[in-house]
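Taking it in order: structure first as C-alpha cells, then the write-up.
Listed below in C-alpha cells is the structure:
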C-alpha cells in the first residue's frame with residue numbers, strides 16, 4: 002500500500018526515537034511506510050490501474066438486419 006499526506010496536514014519531521022526517527026514527510030510524495038502514531042495524517046492511495054485493466058462486460062449483440 003502507498004500513502005500520501007492529506008491535503009490539510011502540514012509537512013512534518015518525526016522526532017521520536019525509533020524506526021522513523023528524523024524522517025520528513027511532505028506533500029507531493031508517496032510513502033510505502035508511515036509511522037503508526039501519525040497514520041491519521043495520511044490517506045491511502047488506491048491503485049487505479051486494476052480498474053482499467055478489467056475486461057469490459059460483454060453484452061449480447063442483436064444480429065444485423067440485411068435490407069431486402
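Numbering (this note's numbering), first residue to last: 2 to 69.
Don't be surprised by glycine CBs; every beta carbon is placed ideally from N, CA and C.
In this text, all values refer to a predicted model and were calculated from it rather than measured experimentally.
### Message
Quick test of your reading: residue 4 and residue 31, contact by CB under 8 Å. State the CB separation rounded to the nearest angstrom.
### Response
Here residue 4 is taken as the residue at index 3 of the chain shown, counted from 1. Here residue 31 is taken as the residue at index 30 of the chain shown, counted from 1. Right, their Cβ atoms sit about 7 Å apart.
### Query
Going by other Cβ atoms of all chains shown within 10 Å of its Cβ, with 16 needed for buried, is residue 6 buried or exposed?
Locating residue 6 in the chain shown gives position 5, counting from the first residue. Counting Cβ neighbours within 10 Å, residue 6 comes out buried, since at least 16 surround it.
### Query
Candidates 65, 68, 42: which alpha carbon is nearest residue 11's?
Taking the first residue of the chain shown as position 1, residue 11 is located at position 10. Nearest C-alpha to residue 11: 42.
### C-alpha gap between residue 13 and residue 24, whole angstroms
Against the chain shown, residue 13 aligns to sequence position 12. Against the chain shown, residue 24 aligns to sequence position 23. Rounded to the nearest angstrom, the two C-alpha atoms are 9 Å apart.
### Query
Using DSSP with H/G/I as helix, E/B as strand and the rest coil, what is residue 25?
Locating residue 25 in the chain shown gives position 24, where the first residue counts as 1. Residue 25: strand per DSSP, three-state reduction.
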